[in-house]
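For the numbering used here, add 20 to where a residue sits in the sequence shown, where the first one is 1. See below for the structure under consideration.
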Amino acid sequence: MADIPVLRTDGRNWTEYREKLLRVAAQKNLDRLYDGTETLQGDAEDWQQRNAIAKALIVETIPDSILLRILHFKSTHEFFEGLKNLFEQDVATLELLQELRNNRSKREATYGLASANDRVRRRSHVTDKSRCDDVSNGSGRRNNDVPSPFSPLGRSTRGPHGDNRP
């Protein structure tokens, strides 16, 4: 059984497990029990012995939690169909989810840094404007023409020429 991997509880390795299980079964000439083409006919004792060997390949390579879900089945074919029902529909869903995760990771890897850098640049651009020391509004006026709050009546002590002349 070393060739057959243990089936994971979540069924992520179902495809690999199924292929290797069927390959080992074919090597032991038990594969017809899995696909249901060999049924109980003629020598019941021989079929039961072969069925027990084929079921043992499954029982020894699945977790107990999965075994409890298929234990009520009698034949190897029913065991195998039970496993297929548990995992084959879910495998498609798992593969789709994995593909979506990979695409999201690729998108983040491709555009994530550029977007982050753009956001940093935009923030620093806004920050630079907010820290601007130029108080000119483009009118050509200078700060010395602005009335001082310390002059009497709020008037500037500077004259029209920008000096202290009245």
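Ideal placement from N, C-alpha and C gives every residue a C-beta, glycine not left out.
Near residue i, what residues of its chain come up, given a Cβ to Cβ distance below 8 Å and the 5 sequence neighbours on each side ignored?
i	result
residue 119	none
residue 73	48 and 50
residue 102	89, 90 and 93
Apart from the five residues just before and just after residue i, which ones in its own chain have a Cβ nearer than 6 Å to its Cβ?
i	result
residue 99	75, 78, 90 and 93
residue 59	none
When DSSP labels each residue in this structure, what does residue i get in the three-state scheme?
i	result
residue 85	helix
residue 95	coil
residue 23	coil
residue 48	coil
residue 60	coil
residue 123	helix
residue 35	helix
residue 43	helix
residue 66	helix
residue 80	coil
residue 55	helix
Could you check how far apart the C-beta atoms of residue i and residue j are, in whole angstroms? I think they sit under 8 Å.
i	j	result
residue 45	residue 54	6 Å
residue 96	residue 27	Rounded, the Cβ-Cβ distance is 15 Å, inconsistent with contact.
Could you name the residues of the same chain whose beta carbon sits closer than 7 Å to that of residue i, not counting the 5 residues immediately before and after it, in chain order?
i	result
residue 85	29
residue 36	25
From residue i to residue j, what distance separates their C-alpha atoms?
i	j	result
residue 105	residue 88	14 Å
residue 43	residue 70	16 Å
residue 61	residue 68	10 Å
residue 126	residue 115	16 Å
residue 108	residue 34	8 Å
residue 52	residue 128	48 Å
residue 38	residue 83	15 Å
residue 121	residue 57	40 Å
residue 124	residue 117	11 Å
Taking the Cβ atom as the reference point for each residue, do residue i and residue j lie within a distance shorter than 8 Å?
i	j	result
residue 66	residue 40	no
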